[in-house]
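These notes concern the structure reproduced below.
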Amino acid sequence: MISAKGRPYQVHVLRLLPGEDVRRSLESWCTEGSIEAACVVSAVGSVTRAHLRYGGRDEGTMTTGDLEVVALSGTLSRHGGHLHLAVSDAAGVTKGGHLLTGTLVRTTLEVVVQEIGGLRFIRRRDERTGFDELFPEALP
């Protein structure tokens, strides 16, 4: 296990607008705000396109339509993030996976983000998994 202790810092409320790319918007917000460590607390809204990568797959899958966001979770920082999205269509069919760029807001997406003080989220290759993984670091 790898761990680091932080503290609740600031809560941010974001509203993404129609046509905005969800992942790019969140990444830009982290970079512009110099966010070192944060997590998504809540998200509600809708998207017209959901670009998701399912576990064990290398490529993403695009789902289109009037899709409700039923969950968005993960970690964020200006050094990179790891986000999962779940959406449902009018029939209640739900799909979820890794959030990729190309997921576009339909009407609105309200996202509550908890910034974590005293920590920096770094992502680097973990030889045990072969993926870029989270390595939380305590800040001085």
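As numbered in the numbering used here, residues 181 to 320 make up the sequence shown, in order.
Yeah, the Cβ is synthetic: ideal placement off N, Cα and C, and Gly gets one too.
What is the DSSP secondary structure of residue i, counted as helix, strand or coil?
i, result
"residue 183", "coil"
"residue 250", "strand"
"residue 226", "strand"
"residue 202", "helix"
"residue 214", "coil"
Shortest alpha-carbon distance to residue i belongs to which of the options?
i, options, result
"residue 276", "291, 260, 316, 253", "253"
"residue 273", "320, 244, 303, 207", "244"
"residue 266", "222, 182, 211", "222"
"residue 278", "210, 197, 236", "236"
Assuming the contact rule is C-beta atoms closer than 8 Å, residue i and residue j should be a hit. Round their C-beta distance to whole Å, please.
i, j, result
"residue 191", "residue 285", "No, residue 191 and residue 285 are not in contact; Cβ-Cβ is about 21 Å, not under 8 Å."
"residue 204", "residue 281", "6 Å"
"residue 193", "residue 226", "Actually they are not in contact, since the Cβ atoms of residue 193 and residue 226 sit about 18 Å apart, beyond 8 Å."
"residue 210", "residue 294", "Incorrect: roughly 13 Å between the Cβ atoms, too far for contact."
"residue 288", "residue 195", "6 Å"
Quick one: what's residue i bridged to in DSSP?
i, result
"residue 219", "255, 294"
"residue 305", "312"
"residue 276", "266"
"residue 244", "229"
Excluding five sequence neighbours on each side, which residues of the same chain lie with their C-beta closer than 8 Å to the C-beta of residue i?
i, result
"residue 186", "217, 296, 297, 298, 299, 316, 318"
Considering only residues of the same chain and omitting the five flanking positions on each side of residue i, which have a CB-CB separation below 6 Å?
i, result
"residue 305", "312"
Less than 7 Å between C-beta atoms, sequence neighbours within five positions excluded: which residues of the same chain meet that for residue i?
i, result
"residue 314", "255, 262, 301, 303"
"residue 264", "253, 254, 276, 277, 278, 279"
"residue 269", "245, 247"
"residue 189", "295, 296, 297"
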